[in-house]
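Enquirer:
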Amino acid sequence: HLTDARHQYGMWVLEGDGVEKDEVKGIELLRQCALQWKSPFAYYDLAKCYIDGKGVEVDYTRAIAYLYEALGNGHPHAKKEIERALALQKIEMKEEAAGHNGTTSRNPLDDI
Numbered sequence: 001h002l003t004d005a006r007h008q009y010g011m012w013v014l015e016g017d018g019v020e021k022d023e024v025k026g027i028e029l030l031r032q033c034a035l036q037w038k039s040p041f042a043y044y045d046l047a048k049c050y051i052d053g054k055g056v057e058v059d060y061t062r063a064i065a066y067l068y069e070a071l072g073n074g075h076p077h078a079k080k081e082i083e084r085a086l087a088l089q090k091i092e093m094k095e096e097a098a099g100h101n102g103t104t105s106r107n108p109l110d111d112i
């Protein structure tokens, strides 16, 4: 199937698997497969890029939106990944609210 082939090529470009690595182009190919052809696997892999910051800035809100599209289009693992993304987003929001700016280690003497 053409959509599957384009999705696979996008992943190869993203990872540099047998072709020159180009994360920006890989993301664009995945986005095209997801948005134009409603590929659940492209939506899923695109969401994972936004969760992991691969080729794009980490963006849990966007990742979750793509995962819901993947779920709606029949991806078998999207529901579990939505739960993970929501948990990561919650952690990020708590850290931002606490003023940690995404850092996990903090000097307790700063509070003195």
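Counting from 1, one number per residue, gives the positions in the sequence shown under the numbering used here.
The beta-carbon is built from N, C-alpha and C at its ideal position, and this holds for glycine as well.
These figures come from a predicted structure and were not determined experimentally.
#1: His7 lies in the alpha helix (DSSP H); which residues open and close that run?
#2: From which residue to which residue does the alpha helix (DSSP H) around Ala78 run?
#3: State the Cα-Cα distance for the pair Asn73 and Lys54, rounded to the nearest angstrom.
#4: Can you tell me whether DSSP reads Val58 as helix, strand or coil?
#5: Looking at the structure shown, is Glu20 part of a helix, part of a strand, or coil, going by DSSP?
#6: So what's Gly53 in DSSP terms, helix, strand or just coil?
#7: Between the Cα of Arg62 and the Cα atoms of Trp12, His77 and Ala85, which residue gives the shortest distance?
#8: DSSP on Lys48, reduced to helix/strand/coil?
#9: Do you know how far the Cα of Lys80 is from the Cα of Leu71?
#10: Helix, strand or coil, according to DSSP, for Gly74 in the structure here?
#11: Helix, strand or coil for Lys25 per DSSP?
Expert: A quick look at the data gives this:
#1: Here residue 7 is taken as the residue at index 7 of the sequence shown, counted from 1. That run of the alpha helix (DSSP H) goes Leu2 to Glu15.
#2: The sequence position of residue 78 within the sequence shown is 78, counting from 1. Residues Ala78 to Ala97.
#3: On the sequence shown, position 73 is the one that residue 73 refers to. On the sequence shown, position 54 is the one that residue 54 refers to. Each residue's Cα considered, the two are about 23 Å apart.
#4: Looking up residue 58 in the sequence shown gives position 58. Coil at Val58, not helix or strand.
#5: Your numbering for residue 20 matches position 20 in the sequence shown. In this structure, Glu20 counts as coil in the three-state DSSP scheme.
#6: As a first step, residue 53 is located in the sequence shown; it is residue number 53 there, counting from the start. Looking at Gly53 - three-state DSSP - the assignment turns out to be coil, as it is neither helix nor strand.
#7: Here residue 62 refers to the residue found at position 62 when the sequence shown is read from its first residue. Nearest C-alpha to Arg62: Ala85.
#8: The count along the sequence shown starts at 1 and reaches residue 48 at position 48. Correct three-state label for Lys48: helix.
#9: One-based indexing of the sequence shown puts residue 71 at position 71. One-based indexing of the sequence shown puts residue 80 at position 80. Cα to Cα, the separation comes out at about 10 Å.
#10: Walking along the sequence shown from the start, residue 74 turns up at place 74. Looking at Gly74 - three-state DSSP - the assignment turns out to be coil, as it is neither helix nor strand.
#11: As a first step, residue 25 is located in the sequence shown; it is residue number 25 there, counting from the start. Lys25: helix per DSSP, three-state reduction.
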